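In the UniProt record's numbering, the protein residues as written are 1 to 401. Here is the structure we will look at.
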Amino acid sequence: MAIPERFSNLPEYAFPRLRTLLSGIEPGLKQGESPMVLTIGEPRHQMPDFLGRVLAENLAGFAKYPTNEGMPALLDAIGGWLGRRYDLDVAPERIMALNGTREGLFNAAMALCPEQKNGQRPAILIPNPFYQVYAVAAAAVQADPVFVAATPASGNLPDYAALPAEVLDRTAIAYLCSPANPQGAIADRDYLERLIGLAERHDFLIFADECYSEIYRDAPPPGALAVATQMGLADRVVMFNSLSKRSNLPGLRSGFVAGSAEHLVQIRRLRSYAGAPLPLPLQAVSEAAWRDEDHVIASRDLYRRKYVIADRVLGNVPGYRPVQGGFFLWLPVADGEEAARRLWARAGIQVLPGAYLSREVDGGNPGKEFIRVALVAAPEETEAALTRLRGVLYDETTGEG
Numbered sequence: 001m002a003i004p005e006r007f008s009n010l011p012e013y014a015f016p017r018l019r020t021l022l023s024g025i026e027p028g029l030k031q032g033e034s035p036m037v038l039t040i041g042e043p044r045h046q047m048p049d050f051l052g053r054v055l056a057e058n059l060a061g062f063a064k065y066p067t068n069e070g071m072p073a074l075l076d077a078i079g080g081w082l083g084r085r086y087d088l089d090v091a092p093e094r095i096m097a098l099n100g101t102r103e104g105l106f107n108a109a110m111a112l113c114p115e116q117k118n119g120q121r122p123a124i125l126i127p128n129p130f131y132q133v134y135a136v137a138a139a140a141v142q143a144d145p146v147f148v149a150a151t152p153a154s155g156n157l158p159d160y161a162a163l164p165a166e167v168l169d170r171t172a173i174a175y176l177c178s179p180a181n182p183q184g185a186i187a188d189r190d191y192l193e194r195l196i197g198l199a200e201r202h203d204f205l206i207f208a209d210e211c212y213s214e215i216y217r218d219a220p221p222p223g224a225l226a227v228a229t230q231m232g233l234a235d236r237v238v239m240f241n242s243l244s245k246r247s248n249l250p251g252l253r254s255g256f257v258a259g260s261a262e263h264l265v266q267i268r269r270l271r272s273y274a275g276a277p278l279p280l281p282l283q284a285v286s287e288a289a290w291r292d293e294d295h296v297i298a299s300r301d302l303y304r305r306k307y308v309i310a311d312r313v314l315g316n317v318p319g320y321r322p323v324q325g326g327f328f329l330w331l332p333v334a335d336g337e338e339a340a341r342r343l344w345a346r347a348g349i350q351v352l353p354g355a356y357l358s359r360e361v362d363g364g365n366p367g368k369e370f371i372r373v374a375l376v377a378a379p380e381e382t383e384a385a386l387t388r389l390r391g392v393l394y395d396e397t398t399g400e401g
């Protein structure tokens, strides 16, 4: 049986592509050095110290089917966090627990994207580069993906307002990640107000992927749902967040979606048929994590230390932009694939070519001349890795060092 064309046209995922790229290359290590894998956004900071105790106290929950939308105590904890963080009053029926936000970012499109928009095939706007589930969601609902460059020229955020009116008029959903993966750019209040106003004029939804919202350099990034609520346009935004980055719990697979009651009815309805609810013991751990901020503050302080290290080691590299949020560096190179091969061969460091996170549009890939570097290791390891990286990619090229 033939594979549906909408999925067969998807490119290979980034990490298998990287394995193929580096296949057969031995890591170049000096005596005493170890390989450094800086590719995947998997936090390595300490997990909350109460996790084991809470899990042990709730083991009996594995003997029960979990509720699809999330147990009331978890929804209350998430609502409390939304109130403390964004001054939002979100009723439990406007929140649903997720088995990781990747599930929500995909299924929300399934639940909320119409089959037609103004009598035409709908469009889904996607920043380029982007988190790859956005494109898979567009393919699943048979919408036209519209990849919009998010480059240094646009502040590393997509300029959706520059699209032709005929595209905007058939847009059903616009994805936005802030702080951005991979560039670390933050959508400020002015940007969000303009985007929400655009969504209102052209009648589309904003899917706000805010998984990195608690990792930032200076001020807390504004939330799209909070800004939309203050504008009286809360029904324009569906927001997503998780404990993966905030609480260093990527393996817990726990997040949430929040939005208008009308939209959550549709998302919950689909979830009841096709979702994978979070086991009750893991919901209990999630509840405890959302109620606690001390571990979040400690983790954020570690990331800030690594921002300073990156600025010190790479700050005078032409084109270097200090990261504002999240934990990725988006570093300029002549060619991302060549840089990744050279780093592995000469320094035993793995990074991800930026082109693997982007799509080619009009003959150009906005990620081709970048690499993504994950700042997930301890500060000391990070400094050593970035120093080795600089020596190979920049000092060898310029003759400095």
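For glycine and all other residues, C-beta sits at the position ideal for the given N, C-alpha and C. Note that this is a predicted model, so its numbers are computed, not measured.
Three-way DSSP call (helix, strand, coil) for residue i in this model
| i | result |
| --- | --- |
| Val37 | strand |
| Tyr175 | strand |
| Met110 | helix |
| Asp144 | strand |
| Val90 | coil |
| Tyr65 | coil |
| Phe370 | strand |
| Gly336 | helix |
| Pro353 | strand |
| Lys245 | helix |
| Lys117 | strand |
| Val361 | strand |
| Ala378 | coil |
| Ala276 | coil |
| Ala187 | coil |
| Ala180 | coil |
| Pro222 | coil |
| Ala42 | Note that residue 42 is Glu in the sequence shown, not Ala. Coil, per DSSP. |
| Gln31 | coil |
Counterpart residues of residue i in DSSP-defined beta bridges
| i | result |
| --- | --- |
| Asn128 | Ala149 |
| Phe207 | Tyr175, Val238 |
| Tyr216 | Gly325 |
| Gln283 | None; Gln283 has no bridge partner. |
| Ala97 | Phe256 |
| Trp330 | Arg372 |
| Ala310 | Per DSSP, none; premise fails for Ala310. |
| Ala123 | Asp144, Thr171 |
Inter-residue spacing [alpha-carbon to alpha-carbon] between residue i and residue j
| i | j | result |
| --- | --- | --- |
| Glu338 | Leu22 | 10 Å |
| Ile124 | Gly348 | 39 Å |
| Gly24 | Ala345 | 10 Å |
| Arg17 | Leu393 | 21 Å |
| Ala111 | Pro179 | 25 Å |
| Leu278 | Ala385 | 37 Å |
| Val141 | Leu98 | 20 Å |
| Arg217 | Gln132 | 25 Å |
| Gly399 | Leu343 | Only weak support is given to the placement of Gly399: the predicted model assigns it a pLDDT of 44, under 50, and the value that follows is read from those uncertain coordinates. Approximately 17 Å, taken between the alpha carbons. |
| Arg121 | Asn58 | 47 Å |
| Ala162 | Leu105 | 24 Å |
| Gln46 | Glu262 | 38 Å |
| Met239 | Phe207 | 6 Å |
Neighbourhood of residue i by C-beta distance below 6 Å, restricted to the same chain and skipping five residues each side
| i | result |
| --- | --- |
| Val54 | Ala284, Val285, Ala288 |
| Arg268 | Glu69, Met96 |
| Ala77 | Glu287, Trp290, Arg291 |
| Leu233 | Ile196, Glu200 |
| Ile186 | Ser178, Pro179, Pro221, Gln324, Gly325 |
| Asn365 | Ala355, Ser358 |
Closer than 8 Å: residue i CB and nearest the ligand HEM heavy atom
| i | result |
| --- | --- |
| Val90 | This structure does not include the ligand HEM; it has no bound ligands of any sort. |
Residues near residue i by beta carbon distance below 7 Å, same chain, minus five either side
| i | result |
| --- | --- |
| Gly319 | Pro332 |
| Val313 | Glu383, Leu386, Thr387, Arg390 |
| Tyr160 | Leu125, Val148, Ala174, Leu195, Leu198 |
| Pro27 | Pro35, Trp344, Gly348 |
Same chain, Cβ closer than 8 Å to residue i, five either side skipped, listed in chain order
| i | result |
| --- | --- |
| Leu264 | Glu93, Arg94, Ile95, Met96, Val257, Ala258 |
| Ala377 | Met36, Leu38, Arg44, Ala385 |
CB contact check: residue i to chain D, cutoff 9 Å
| i | result |
| --- | --- |
| Leu243 | Looking at the structure shown, chain D is missing, and only one protein chain is on hand. |
Query raised in the report: Any chance the region 188 to 204 sits against the region 325 to 332, with 3 or more Cβ pairs inside 8 Å?
Result: no
Query raised in the report: Should the region 83 to 90 be called in touch with the region 223 to 234, which here means at least 3 C-beta pairs below 8 Å?
Result: The region 83 to 90 vs the region 223 to 234: in contact.
Requested in this report: Determine contact between the region 210 to 221 and the region 234 to 248, defined as no fewer than three beta-carbon pairs at a distance below 8 Å.
Outcome: By the criterion of at least three beta-carbon pairs nearer than 8 Å, the region 210 to 221 is in contact with the region 234 to 248.
Report task. Determine, using beta-carbon pairs with one atom in the region 161 to 171 and one in the region 193 to 208, whether at least three such pairs fall under 8 Å. Result -> yes
Requested in this report: Inspect the CB distances between the region 350 to 357 and the region 294 to 302 and report whether three or more fall short of 8 Å.
Outcome: Between the region 350 to 357 and the region 294 to 302 there are fewer than three C-beta pairs closer than 8 Å, too few to call the two in contact.
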